[in-house]
Amino acid sequence: MIKRTHSCGDLRDSDAGASVRLCGWVNTYREQGKGLVFLDLRDRAGLTQVVCDLEDSDSELVEIARGLRREDCIGVEGKVRLRDGGANDKLETGAIELVAERIQVFSKSKTPPILPDDHEADKISEDKRLEYRYIDLRRPSMQKILRTRSQVTRIVRDHFGNEGFLEVETPFLIKSSPEGARDFIVPSRQYPGQWYALPQSPQIFKQILMISGCDRYLQIVRCFRDEDPRADRQAEFTQVDLEMSFVDREDVMDIMGSFATRLWDEILGVDIGDIPRMSWHDAMEDYGIDRPDLRFDLKLVDCGDWAGDIGFRVFDDAMAKPNPRVKAIVIPGGAEKITRKQIDELDALAKQFGAGGLPVTKVTADGFATGIAKFLAPHADRVREALGAKDGDLVLFGADTFDTCLKVMGELRLKLGRDLGLIDDAAWKFLWVVDFPMFERDEDAGRWKAIHHPFTSPMPGEEPKLESAPGDCISAGYDLVCNGSEIAGGSVRIHDQAIQAKVFELLGLDGDTAKLKFGFLLDALQYGAPPHGGIAFGLDRLVMLLVGTNNIRDVIAFPKTQTGQDLMSNAPGPVDAEQLEELFVASTAPEEED
RNA sequence: GGGGCGGUAGCUCAAUUGGUUAGAGCUCCGGACUGUCUAUCCGGAGGUUGCGAGUUCGAAUCUCGUCCGCCUCGCCA
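And the structure:
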């Protein structure tokens, strides 16, 4: 077997004259008369031109070369020389070529249904790429993503390893937990009718590791949530999971911040600077979202001071709702820039996210025009000042409950940012969002819901509010946000069993239920639990940011489609009746005909 | 579970109001060419229009069902 001495991206003009061996795939094949064949040989490092010429090779070798086709896997032995025909500036190895002296065909390829060319990739439908993933992954850009992902995990292990974090594996077959996403469940053969669940995250185990004296824990771990995938979401995904003992939130944010700084420096050569902080309250009020994209401004303007005074029924109705908000987006020069069609699109978006409609108006020299101008005109001076609006601006309004109004206005702001080209693609805007409330009200269920998760601690001093005003209680949670994407989230945890029990109670988990589901954590908390906290970040989304894709399937070697299928392996699929019998499982799905 | 877009040659797409033998580029196959490099030129092959019904003299086109892909709402502590 021909064993390589170099990769296909290595050779330069300084290597001319050397005898080398390369292995790889035939990227392109160019025949120039019966006696001259050029091949571009590809491996994950690059392309090298191989030449077979009757003038300096025997006819048998040229015949072998003439029989090669795209994606054949071969090894080539020969001499490096400067190119006769002049260098190819498009290739890093373009100064040289490899004059073949021996070619070994490792394996021929059938005619490939898709080709691993980057400039063709966006033309190939994604289902073909997923079906023939082994060919698609040969593309240089896919190889680059795999490399970046590997680089990230290496930096994770190096950075946190140096900080004394211990890598510990937690189980995949665990007990099903009641809150959060739908669990994937696995039947137990040894206990008929009993089930394991796959972890949605190793949350409880990592806390128990703190109680176990591990001090600092790290795991790069698969998590499973049986919910519908999205462009940035898969049912199975990877978290980098961290936990630390004897810390407050500053310690966790420090170490995570220094990691992010190092990552962006080493992978992109970018200095992200100091990471600013914003309270959850400010993020929601000013940006309508808990992970604001700070690459552009266009803040929401609060209209609560005057919205109820102008006799506009939409605003009056909104102000009568519980926890009402009336917010505006003022688009500088928008009266000219935004077309009727765009306003219709914005209106449709607003309705999609629950708004009744989208009140609009234009600011003119003497007041307001179009839309809801007639309601605003009598109060023109006051309203214009409150909005900080100038002639030629377009103003969009949202009026509803806090949740709906901010959701709608936050989405409108993002769409406007994109559509108006306000987003600087080269910018990296990080921030810490802090001071989350502990709970939000779940009106349907008539109880409190944890904003983060039920193990999140209140900020020191906030504990009394668990009794007096749970809705006002601030948590010790924190999210790291970059360019409008939440890349990490965590909190200081509850290490006091009494507080944990109180939180469960507020969440509507009575003592028995809590004991049934989390009893082992509640027990463990009674045996000397250290103060601890941690953070987890989504590796997939982090790599998406670093490589600049908005498709999570691009950063996963073997991803699933939006309906949970693996088009290459055809999972999921049926199993034998005997397998089910052994597991004491019967399917109630309608029989499929083959 | 809801909404939108799509499925035609190996790949990417076209096909007038429902009307002759469903076309093009790339790929592939054969040929020419000794300095190509997204090679070029000449020729050829390649189709159950996702699948199943229905309407019609006639369906890629219209209707119904179904499967698949993408985007999205819900969902995702």
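The first sequence begins at -10 in my numbering and counts up by one.
C-beta atoms are modelled at their ideal positions from N, C-alpha and C, and glycine is treated no differently.
On a predicted model such as this, the values are computed, not experimentally measured, just so you know.
Using the C-alpha atoms, what's the distance from residue j back to residue i?
{"i": "G322", "j": "D291", "result": "20 Å"}
{"i": "E274", "j": "L505", "result": "39 Å"}
{"i": "H441", "j": "P367", "result": "45 Å"}
{"i": "T(-6)", "j": "F27", "result": "21 Å"}
{"i": "D583", "j": "R211", "result": "Unreliable positioning characterises D583 in this predicted model, as indicated by a pLDDT of 33, which lies under 50. The coordinate reading is nonetheless provided below. If you take the alpha carbons of D583 and R211, they lie about 34 Å apart."}
{"i": "R70", "j": "V40", "result": "10 Å"}
{"i": "R222", "j": "K549", "result": "10 Å"}
{"i": "V564", "j": "T552", "result": "19 Å"}
{"i": "I134", "j": "A224", "result": "20 Å"}
{"i": "K418", "j": "R143", "result": "24 Å"}
{"i": "S464", "j": "I483", "result": "10 Å"}
{"i": "L420", "j": "P311", "result": "30 Å"}
{"i": "S(-4)", "j": "S474", "result": "37 Å"}
{"i": "S8", "j": "Q93", "result": "16 Å"}
{"i": "K351", "j": "R371", "result": "15 Å"}
{"i": "D408", "j": "A525", "result": "32 Å"}
{"i": "F391", "j": "P313", "result": "5 Å"}
{"i": "D431", "j": "E452", "result": "21 Å"}
{"i": "E581", "j": "S558", "result": "Residue placement at E581 is poorly supported in this model, since its pLDDT is 44, which falls under 50; the coordinates are not used for a value here."}
{"i": "P160", "j": "G74", "result": "60 Å"}
{"i": "C394", "j": "E152", "result": "44 Å"}
{"i": "Q489", "j": "Q331", "result": "50 Å"}
{"i": "L403", "j": "V384", "result": "15 Å"}
Count the other C-beta atoms from every protein chain shown that fall within 10 angstroms of the C-beta of residue i, then say buried if there are 16 or more, exposed otherwise.
{"i": "Q341", "result": "exposed"}
{"i": "T577", "result": "exposed"}
{"i": "D125", "result": "buried"}
{"i": "M242", "result": "buried"}
{"i": "F357", "result": "buried"}
{"i": "D529", "result": "buried"}
{"i": "D240", "result": "exposed"}
{"i": "R238", "result": "buried"}
{"i": "R373", "result": "buried"}
{"i": "A337", "result": "exposed"}
{"i": "G658", "result": "The first residue shown for the chain is -10 and the last is 583, placing residue 658 beyond what the model contains."}
{"i": "F509", "result": "exposed"}
{"i": "A590", "result": "Given a span of -10 to 583 for the chain in the structure shown, any question on residue 590 remains unanswerable."}
{"i": "F95", "result": "exposed"}
{"i": "A317", "result": "buried"}
{"i": "K97", "result": "exposed"}
{"i": "A566", "result": "exposed"}
{"i": "L207", "result": "buried"}
{"i": "F573", "result": "exposed"}
What is the residue span of the alpha helix (DSSP H) that residue i lies within?
{"i": "F509", "result": "500 to 513"}
{"i": "Q489", "result": "486 to 495"}
{"i": "I103", "result": "Unbroken run through I103: none, as it is neither H nor E."}
{"i": "F391", "result": "391 to 408"}
{"i": "Y123", "result": "122 to 125"}
{"i": "L162", "result": "From DSSP, L162 is part of no alpha helix (DSSP H); its letter is neither H nor E."}
{"i": "A249", "result": "238 to 257"}
{"i": "F304", "result": "302 to 308"}
Run the proximity test for residue i: is its beta-carbon closer than 6 Å to any non-hydrogen atom belonging to the ligand HEM?
{"i": "F357", "result": "In terms of ligand content, the structure shown is empty, and the ligand HEM therefore cannot be addressed."}
Find out if the Cβ-Cβ distance for the pair residue i, residue j is shorter than 7 Å.
{"i": "L556", "j": "L119", "result": "yes"}
{"i": "D111", "j": "S130", "result": "no"}
{"i": "D78", "j": "V15", "result": "no"}
{"i": "G13", "j": "R1", "result": "no"}
{"i": "E571", "j": "R178", "result": "yes"}
{"i": "W295", "j": "D279", "result": "no"}
{"i": "R19", "j": "I(-9)", "result": "no"}
{"i": "E66", "j": "R91", "result": "yes"}
{"i": "I361", "j": "P348", "result": "yes"}
{"i": "V532", "j": "V470", "result": "no"}
{"i": "M199", "j": "S234", "result": "yes"}
{"i": "P443", "j": "V492", "result": "yes"}
{"i": "D282", "j": "N472", "result": "yes"}
Whole-angstrom Cβ separation of residue i and residue j, contact assumed at under 8 Å?
{"i": "L87", "j": "T37", "result": "6 Å"}
{"i": "A307", "j": "V315", "result": "6 Å"}
{"i": "P520", "j": "V236", "result": "7 Å"}
Specify, as a first and last residue, the run of the beta strand (DSSP E) that residue i falls within.
{"i": "F226", "result": "225 to 234"}
{"i": "E90", "result": "85 to 96"}
{"i": "Y18", "result": "8 to 20"}
{"i": "R205", "result": "205 to 213"}
{"i": "T353", "result": "349 to 353"}
{"i": "S480", "result": "474 to 481"}
{"i": "L420", "result": "419 to 423"}
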